[in-house]
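Under UniProt numbering, the residue at position 671 of the sequence shown is numbered 671, and the numbers go up by one with no gaps. Here a beta-carbon is modelled for each residue, glycine too, at the ideal position from N, C-alpha and C.
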Amino acid sequence: MDLFWRSETKKQNEAPGTDYTSGSPLQVQNNGQSINRNIFHGCPRILERKFGECLHHRTHVIRDFVSSGNAGLGPVEIVHMSYSNKQEKEEFGEYFYVTGIEVSSPSIPVEFLKLLKSDQRISKNISSDIISTYCCFNFFSNLDIRIRNNADGTFQAKAIDCDRETTDLTMTEKMWEETFVSSVIRTIIINTNPKLKPPGLLECPFYIEKDTVTSCKKIIELLCRFLPRSLECGWDSTKSTQITIVNNYLVYSLKSFITITPGLIDSTIDYLKGLTKEDPIHNLHYKVAMIVLLNQVQTRELEMVTILNETLDPLLLLLDDLPPSDANSAQLMNCMSDLLNIQANFLLNREDYELALSVSNTSTELALDSFESWYSLAKCHIKREEYDEALFAINSMPRLRKTDQVTEALYNKSLASNYYKKPLNGSQEYFGITSTEFTNLYGTLRNWKEDELKQQIFGRIAMTNERKVGYTKDIWDDIAIKLGPIYGPQSANLINFVSPQEIKGIKNMNLIARNTIGKQLGQFNSRIYGLLMKIVNKIGWNGLLNIRTKIFIMETEFYQTPAKITDENGNIPMEARKKRFCERWLDDLFLDLYQDLKLSKINLNNKDEKHSGLEWEILGLTMLRTWHWEDAVACLRTSIVARFDPVSCQELLRVYLHPPEDLWNATLLDTDTVVDLLAKKISYDCRYYNYCQIFNLQVLHKLCDQLGMDTVRSKILILSSVGDEMMVMVDTMISWVGDLH
């Protein structure tokens, strides 16, 4: 496991609770035993417009969010570097975003900063007195931890209370632990959601000890110990109307981490059982986590059901005695509802639809504003072929946000979101700094020739990658430079990453219109869309339309044609009175579904029609939405043949990882194709500094389950584009799978 973070355990002179406000040079291992240098030889560099603006801006952003009462995950970690141009006698700054650095003490961040400096070649006109600062937000205590490595090798660590504007806090072991948990959660959530990634982000894997298993156990155990504080971690408002014991970033992170460490599920459950005895006051948090994790892995169903019943039964007995209008009562009822939803889904999988319906009804009564409760209820009615009741349940659902306001605001307020310029498939000039600024930047990146460096500056962000971990020529030297990193709010497809000429070349404007950013479904609409498609699969579009007409009055029908609703006396007949008013969002979704179903009837075998890579991609995405699985896979694969497409690749791998439930016994993708796609995806992600790759590890785990690790490695090794640089990353990931299977 040479690629990942490794560190020694806490040194003896670092006693718990020590104030790390300053220190002398740490003993840094420079022989590669502590940290492999490869992934730090080509960190992104964002050039400040004004010296120091990055840190100043960060302070103000945190202060604004903390004062609003909801800082969410907080801003992503940054590393800032201060330089001095001796010739011009001026200071300038560079910075980049980073996740995955172990920050339970200042030792690893300081080691990281020293490594960055020692590997850097600078020109003679740049002073060697470089000051670097690592910043990490602790969202439990609303502190920004800043660790500064001075030019003379000494360091200071301070905690900035951005709300009170104080820096005189003494860092305790508890604060360092909070900071580390905050960092781990941010690392996982950001890595699994490309829309949250800012340009200029380095994603490191996070490890504590020398061996992978011990490191991962420590991370899991730390997350488990913080479960009683999970309500302090924030939640994704696109998934739930409010934070609950189940719906929060800590539990999301724990679930995601277990998917890439499945071999640790037994020890995790044992650890949680131990916590219920050590900390009985919070045993509900630990039991809920056990239920959620066991429900996810689905290998110990009997144990999951036993713990679920042991937890639910006493809670349900408390219902009559809970004080009304009490925050704790509301949380308990939400918790019961979440657990009942897990029970209902278990029963649905067992095809006990009647009991599942009863459980879902109880869950909905407990939490009328719970999306998951109404969603489970609608699924039960669909399974029972009660489609009118299913539509009533869908219409009653609380509407969730399309985007989480806190994370969206944090992204929009990051300076780099305005500093990045897309290459648009090479159709526009994307170099965006002055000659003086380039001279300064080139002075800190002397390993590069001027012309080569200019090709890798996107706006004000230099995205060099010197050691080429994960390198393949076809990806790195071609399409990766033409498209740039595919993340951020517009990364659902390539419409905003290709040239305007390619978009204009698509004749079917309805296809473009249905795939714009404004028309992206989002988490809420996507799941409702899936329910509607279940009904369409059973009774067809006309059948769905007939039920809709029978049970709903649409908004346009009510306001624009009132004469059709009332009789000649102006009275509303009984038949119309029985109808319910259809929510506007559901009305819009019916229209979107109709448009997609029309588009999905395009004749793909017409040889006279020539489609671009982008057109094949958005055709494939449309086919995915309408459950035309085979056509969708064909379109997305054709898109990749025309030009490697990270979005199509991700969607194809997602189909492999989570096959459609109505095609569970069919094979849409053979394993050779999956191996080829995964290798390309790993390479593209490495090009833009993603060395964490949780999604790719999930796919690799499944492949190794099917084929075995040696076979998977051999299949990747014989790919024509794969060389030694790529195998460094592949071998590291396969070793991870072997250690944690």
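Exercise for the section: Please state if the CB of Tyr411 and the CB of Pro485 are separated by a distance shorter than 8 Å. Expected result: If you number the sequence shown from 1, residue 485 lands on position 485. If you number the sequence shown from 1, residue 411 lands on position 411. Cβ atoms of Pro485 and Tyr411: not closer than 8 Å.
Handout entry: Beta-carbon proximity list for Thr626, same chain, < 6 Å, skipping 5 on both sides
Key = One-based indexing of the sequence shown puts residue 626 at position 626. These residues qualify, in order along the chain: Asp596, Leu597 and Ser600.
Practice task
Mind reading off the beta-carbon distance from Glu617 to Val647? Whole number of angstroms is fine, and I expect it under 8 Å.
Solution key: To locate residue 617, count along the sequence shown from 1; it is residue 617. To locate residue 647, count along the sequence shown from 1; it is residue 647. 6 Å between Cβ atoms; contact.
Practice task
If I'm right that Leu143 touches Phe40 with Cβ under 8 Å, what's the distance once you round it to whole angstroms?
Solution key: Taking the first residue of the sequence shown as 1, we reach residue 143 at position 143. Taking the first residue of the sequence shown as 1, we reach residue 40 at position 40. The pair is not a contact, with the Cβ atoms about 26 Å apart (cut-off 8 Å).
Problem - Beta bridge counterpart(s) of Asn138 as assigned by DSSP - result: Sequence index remark: in the sequence shown, residue 138 carries index 138 (1-based). According to DSSP, Asn138 bridges with Leu143.
Handout entry: Where Asp161 sits in the DSSP three-state scheme
Key = Taking the first residue of the sequence shown as 1, we reach residue 161 at position 161. Note: Asp161 maps to strand in three-state DSSP.
Exercise for the section: May I ask you to report which of helix, strand or coil DSSP gives Ala492? Expected result: Here residue 492 refers to the residue found at position 492 of the sequence shown. In this structure, Ala492 counts as coil in the three-state DSSP scheme.
Exercise for the section: Count the CB pairs spanning the stretch 133-148 and the stretch 102-112 that are closer than 8 Å, and state whether there are at least three. Expected result: Yes, they touch.
Handout entry: Rounded C-alpha distance that separates Asp731 from Gly69
Key = Counting from one through the sequence shown, the residue named residue 731 turns up at place 731. Counting from one through the sequence shown, the residue named residue 69 turns up at place 69. When rounded, the separation of the alpha-carbon atoms in Asp731 and Gly69 is 45 Å.
Handout entry: Met729 in three-state terms, based on DSSP
Key = Taking the sequence shown and counting its residues from 1, the one referred to as residue 729 is at position 729. It is helical.
Practice task
Could you name the residues that DSSP lists as bridge partners for Gln156?
Solution key: Here the question's residue 156 lines up with position 156 in the sequence shown. Arg148.
Exercise for the section: Specify, as a first and last residue, the run of the beta strand (DSSP E) that Ile46 falls within. Expected result: Stepping through the sequence shown from its first residue, residue 46 is reached at position 46. Its beta strand (DSSP E) spans residues Arg45 to Leu47.
Practice task
Answer with buried or exposed for Tyr353, where buried requires no fewer than 16 other C-beta atoms within 10 angstroms of its C-beta.
Solution key: The sequence position of residue 353 within the sequence shown is 353, counting from 1. Burial call: buried.
Problem - C-alpha gap between Asp739 and Leu652, whole angstroms - result: Position 739 of the sequence shown, counted from the first residue, corresponds to residue 739. Position 652 of the sequence shown, counted from the first residue, corresponds to residue 652. Roughly 27 Å between the two C-alpha positions.
Problem - Close beta carbons around Lys610, own chain, < 7 Å, minus the five adjacent residues each side - result: To locate residue 610, count along the sequence shown from 1; it is residue 610. Close CB contacts of Lys610 within its chain, under the 7 Å cut and outside five residues either way in sequence, are absent.
Problem - Span separating the alpha-carbon of Ser141 from that of Glu165 - result: As a working note, residue 141 is residue 141 in the sequence shown. As a working note, residue 165 is residue 165 in the sequence shown. Answer to the nearest angstrom: the Cα atoms are 14 Å apart.
Problem - Cβ neighbours of Ile528 in the same chain (closer than 7 Å, five flanking residues each side left out) - result: For the purposes of this step, residue 528 is identified with residue 528 of the sequence shown, where counting begins at 1. Around Ile528: Ile394 and Leu589.
Exercise for the section: Might you give, ordered along the chain, the residues of its own chain that have their beta carbon closer than 7 Å to the beta carbon of Leu308, omitting 5 neighbours on each side? Expected result: Stepping through the sequence shown from its first residue, residue 308 is reached at position 308. The residues Ile291, Leu339, Ile342 and Gln343, in chain order, have a CB closer than 7 Å to that of Leu308 in the same chain once the five nearest residues on each side in sequence are set aside.
Handout entry: Uninterrupted beta strand (DSSP E) stretches inside the stretch 299-387 (no shorter than 3 residues)
Key = Listed in chain order, there is nothing to give.
Practice task
Use the C-beta contact count for Val675: other C-beta atoms within 10 angstroms, 16 or more gives buried, fewer gives exposed.
Solution key: Counting from 1 along the sequence shown, the entry for residue 675 is found at position 675. Buried, since its Cβ has 16 or more Cβ neighbours within 10 Å.
Practice task
Would you mind stating whether Ser183 and Glu111 have Cβ atoms separated by less than 8 Å?
Solution key: Here residue 183 refers to the residue found at position 183 of the sequence shown. Here residue 111 refers to the residue found at position 111 of the sequence shown. Contact: no.
Handout entry: Pick from Ile512, Leu284, Met533 and Arg446 that is closest to Pro660, judged by C-alpha positions
Key = Here the question's residue 660 lines up with position 660 in the sequence shown. A check of alpha carbon separations from Pro660 across Ile512, Leu284, Met533 and Arg446 identifies Met533 as the nearest.
Handout entry: Span of the alpha helix (DSSP H) around Met81
Key = To locate residue 81, count along the sequence shown from 1; it is residue 81. Segment Glu77 to Asn85 is the beta strand (DSSP E) holding Met81; no alpha helix (DSSP H) there.
Practice task
List the endpoints of the continuous beta strand (DSSP E) containing Leu116.
Solution key: Along the sequence shown, one-based indexing puts residue 116 at 116. Leu116 -> not in any beta strand (DSSP E); alpha helix (DSSP H) instead, spanning Ser107 to Ser118.
Problem - Contact check, Pro198 vs Ser417, beta carbons under 8 Å - result: In the sequence shown, residue 198 corresponds to position 198, counting from 1. In the sequence shown, residue 417 corresponds to position 417, counting from 1. Yes. Within cutoff.
Exercise for the section: Assuming Met729 and Ile682 form a contact by the criterion Cβ under 8 Å, report the distance between their Cβ atoms to the nearest whole angstrom. Expected result: Indexing the sequence shown from 1 puts residue 729 at position 729. Indexing the sequence shown from 1 puts residue 682 at position 682. For Met729 against Ile682, the beta-carbon gap comes to about 6 Å, under 8 Å, which counts as contact.
Exercise for the section: Classify Glu91 as helix, strand or coil using the three-state DSSP reduction. Expected result: Translated into the one-based positions of the sequence shown, residue 91 becomes position 91. Glu91: strand per DSSP, three-state reduction.
Practice task
Tell me where the alpha helix (DSSP H) around Leu429 begins and ends.
Solution key: Within the sequence shown, numbered from 1, the residue matching residue 429 stands at position 429. Residue identity differs from the one stated: residue 429 is Glu in this sequence, not Leu. Premise fails: Glu429 is in no alpha helix (DSSP H) and is neither H nor E.
Handout entry: Alpha-carbon to alpha-carbon, Leu222 and Leu264
Key = The sequence position of residue 264 within the sequence shown is 264, counting from 1. The sequence position of residue 222 within the sequence shown is 222, counting from 1. Their backbone Cα atoms lie some 14 Å apart in a straight line.
Handout entry: Ala71, DSSP secondary structure in three states
Key = Here the question's residue 71 lines up with position 71 in the sequence shown. Correct three-state label for Ala71: coil.
Exercise for the section: Output the distance between the C-alpha atoms of Gly522 and Asp404, rounded to the nearest integer angstrom. Expected result: For this step, residue 522 is matched to residue 522 along the sequence shown. For this step, residue 404 is matched to residue 404 along the sequence shown. Cα to Cα, Gly522 sits roughly 10 Å from Asp404.
Practice task
Would you mind stating whether Gly42 and Asn465 have Cβ atoms separated by less than 8 Å?
Solution key: Taking the first residue of the sequence shown as 1, we reach residue 42 at position 42. Taking the first residue of the sequence shown as 1, we reach residue 465 at position 465. Yes, these two residues count as a Cβ contact at 8 Å.
Problem - Sequence-distant residues of the same chain with beta carbon closer than 6 Å to Thr187, five excluded per side - result: Along the sequence shown, read from residue 1 onward, the residue named residue 187 stands at position 187. Only Thr99, Gly100 and Phe206 meet the Cβ criterion.
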